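As numbered in this note's numbering, residues 418 to 813 make up the sequence shown, in order.
Even for Gly, the Cβ is constructed at its ideal location relative to N, Cα and C.
Computed from a predicted model, the values in this text were never measured in an experiment.
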Amino acid sequence: MYGPRFRHNPAQLYRDIRREHGPVAPIVLEGGVPAWLVLGYREVHQVTTNSQLFARDSRRWHAWDNIPADWPLMPYVGYQPTVLFAEGAEHQRRAGAISDALSAVDQFELRALCERVCDGLIDTFAGRGQADLIAEYSHQIPLLVVARLFGLPDSDVPALVQDIAASLDEGDDAINAHMRNVLRMQQLVAEKRKEPGPDIPSRMLAHPAGLTDEETVIDLLMVMAAAQQPTGNWIGNTLRLMLTDDRFAVTLAGGRRSIGQALNEVLWEDTPTQNYIGRWAARDTQLAGRRIRAGDLLVLSLAAANADPQVRPDSHADSAGNRAHMSFSHGEHSCPYPAPEIAEVIAQTAVEVLLDRLPDVDLAVAPEALVWRPSVWMRGLFSLPVEFMPGYSHAV
C-alpha cells in the first residue's frame, strides 16, 4: 500500500490486488501491521451494512500489544469517546444529534454564505492573474463555511483555519494545534450553553439526546475535521478535472459541461476519501471466502469499490446521474445525513463562483506536472496552479 506504485497509479494497484487476491486482500500497513483490504463493492456494502459483526470500536483489535504508541496511524485507530467509535444505541444518540443539527441548516442561506466566502477568497488573488487553487481556494473554503455555521466570531476564523490544517498534518505542531482547537471548542460550547444562537453547537446542546459539554466539544471537532479535507479535495479534484479534460473544457469561447456531472465523476474516479480505517470483526466470520478472525482490522477501500468491475464493467463509463458510489461510505457509520448534501452545496458553489468570476482560468502547468499527495487515505493535489486575465478584483 506504500511506495512508488501507489503514488503513481493507485487505481492500477487496486486492479492488480483484486486480480491476485480477489475482493478481500491481506495487506500490511505501516510498521508491518497486518490488516484486510476490502476492495469489492458488494463486500464493502456488506461490511458497512452489518455494524454488529463489523464494528467500529477499535478496542476490539487483538493487535494492540504490538502497536507502538507513536504508530503513524494511531490518530485513525486510537479509541476516543467520539461518535466515530460509538456503537449501538450510543452511536444513534450521538449521530442523531449531529444529523438533526445539520438538518436545520437552510440550504439557500448556506449557498449564499458559500458565495460570500468564495468571493472573498477570489478577491485576494484575482488582481494577480495567477493563483494556487488548492492552498488559496479549495482547502480554505470548507473551514471558513463551517466556522460560520458554528457561530464562531470572524476574528477566530483565521487562527482556526491554520490550526486545523496543522493538526491534520504530520508536523511537529500537530498536537499543539489540536489542543488549541480543543480549547477553542470548549470556549465556544461554554458560550453557546449560556447564550444559544442559530448555529450547530447550540442545536446540539439543546437536542433531546442530552449531550454533555465534553461530548459536544469532541463531536464538533470531528465534524470540522471531517468537513475539511474531503470537501477541500472534492473541490480541488473537480477543478483539476474541468481544467484538464476536454469534455469539461472551460473557455470564454466554448462554455462548459455540467459542474454537477464533474463533481459526480470525481466521486467515482478520484474520490477524496480513498481508503477508510476501519472496522473490527466482532467474532470469527467469513468475507468473500476469507476467514476473518475476531478482532481483525478491516480497511475499506472506497476507491477500489467504486471501480469494481463486477459493478462497473467499464470503469471509465459515463457516471452522470449514477450516485451509487461508496464515496461517503454506507450504513450506520457513513457520513451522517445531511452532511453529504451540505458538502455538495459547498463544492458546487465553489466551482461555480470560481468559473463565473474567472471565466478564462487555465492551468498554468502541463497536466502531467500536477502532483498527487502520496496518501493512502486521501486523494488530493499538492497544488493546482492557474492563470487568468487579472482585474476581476471585486465580486459583481
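Exposure of residue i, with buried meaning 16 or more beta-carbon neighbours within 10 Å
i      : result
Asp816 : With the chain running from 418 to 813 in the structure shown, residue 816 is simply not present.
Ala767 : buried
Thr655 : buried
Ala564 : buried
Leu750 : The residue asked about is misnamed: residue 750 is His in this sequence, not Leu. It counts as buried.
Met596 : exposed
Asn483 : exposed
Ala670 : Reliability of the predicted coordinates at Ala670 is poor, the pLDDT of 47 falling under 50, and no value is obtained from them.
Asp777 : exposed
His425 : exposed
Thr688 : buried
Ala594 : buried
Cβ neighbours of residue i in the same chain (closer than 7 Å, five flanking residues each side left out)
i      : result
Arg843 : One cannot answer for residue 843 here, as it falls past the ends of the chain, which runs 418 to 813.
Arg819 : No answer is possible for residue 819: the residues shown for the chain start at 418 and end at 813.
Gln557 : Leu538 and Val578
Val522 : Leu566 and Ile759
Pro837 : The chain is shown from 418 up to 813; residue 837 falls before or after that span and cannot be answered.
Pro559 : Ala644, Gln645, Thr648, Gly649 and Ile763
Gly748 : Thr465, Thr466 and Ser468
Val574 : Leu561 and Ala564
Gln524 : Val762
Ile592 : none
Cβ distance (whole Å) where residue i is taken to contact residue j below 8 Å
i      : j      : result
Glu504 : Ala472 : 6 Å
Phe805 : Gly544 : Not really, about 11 Å apart at Cβ, beyond 8 Å.
Arg511 : Val500 : 4 Å
Asp590 : Ala582 : That belief does not hold up - the Cβ atoms of Asp590 and Ala582 are roughly 10 Å apart, past 8 Å.
Thr661 : Pro784 : 4 Å
Gln691 : Pro427 : 7 Å
Asp464 : Leu717 : Sequence inspection shows Val at residue 464; the Asp mentioned does not correspond to that position. Right, their Cβ atoms sit about 6 Å apart.
Ala514 : Leu628 : 6 Å
Glu553 : Phe542 : 6 Å
Close-in-space but distant-in-sequence residues of the same chain around residue i (CB under 8 Å, 5 per side omitted)
i      : result
Leu637 : Phe567, Met602, Leu605, Val606, Ile617, Pro618 and Met621
Gly712 : Arg477, Trp478, His479, Ala480, Trp697 and Ala698
Met639 : Thr499, Val500 and Leu501
Own chain residues within Cβ distance below 6 Å of residue i, not counting five before or after
i      : result
Asp474 : Phe502 and Glu504
Phe423 : Leu430
Cys752 : Phe745
Leu550 : Leu656, Leu801 and Val803
Ala666 : none
Pro440 : Leu456, Gly457, Glu460 and Ala705
Closer than 8 Å: residue i CB and nearest the ligand GTP heavy atom
i      : result
Leu771 : The model depicted lacks the ligand GTP and carries no ligand whatsoever.
### Query
Counting only runs that start and end within the region 553-593, where is the alpha helix (DSSP H) found for 4 or more residues in a row?
Segments of the alpha helix (DSSP H) lying fully in the region 553-593: 558-566 and 574-585.
### Message
Assess contact between the region 714-724 and the region 737-751, defined as three or more Cβ pairs (one per stretch) separated by less than 8 Å. Is contact present?
### Response
Contact check between the region 714-724 and the region 737-751: three or more CB pairs, one atom from each, fall below 8 Å, which counts as touching.
### Query
In chain order, which alpha helix (DSSP H) runs of at least 4 residues are fully inside the region 526-557?
With a minimum length of 4 residues, no continuous alpha helix (DSSP H) run stays inside the region 526-557.
### Task
Tell me, please, whether the region 770-777 touches the region 559-577 by the rule of three or more beta-carbon pairs shorter than 8 Å.
Between the region 770-777 and the region 559-577 there are fewer than three C-beta pairs closer than 8 Å, too few to call the two in contact.
#### Entry: the region 442-456 touching the region 748-757, judged by at least three CB pairs closer than 8 Å
Contact check between the region 442-456 and the region 748-757: fewer than three CB pairs, one atom from each, fall below 8 Å, which does not count as touching.
### Task
Please list the segments of the beta strand (DSSP E) lying wholly inside the region 433-480, counting only runs of 3 or more residues, in order along the chain.
Correct list: 441-446 and 450-455.
### Query
Whole beta strand (DSSP E) runs in the region 645-723 with 3 or more residues, listed along the chain?
You should have 692-698, 702-704, 707-709 and 714-718.
### Query
What alpha helix (DSSP H) runs, 4 residues minimum, are completely inside the region 748-782?
Those alpha helix (DSSP H) runs which fall completely within the region 748-782 and span 4+ residues are 756-774.
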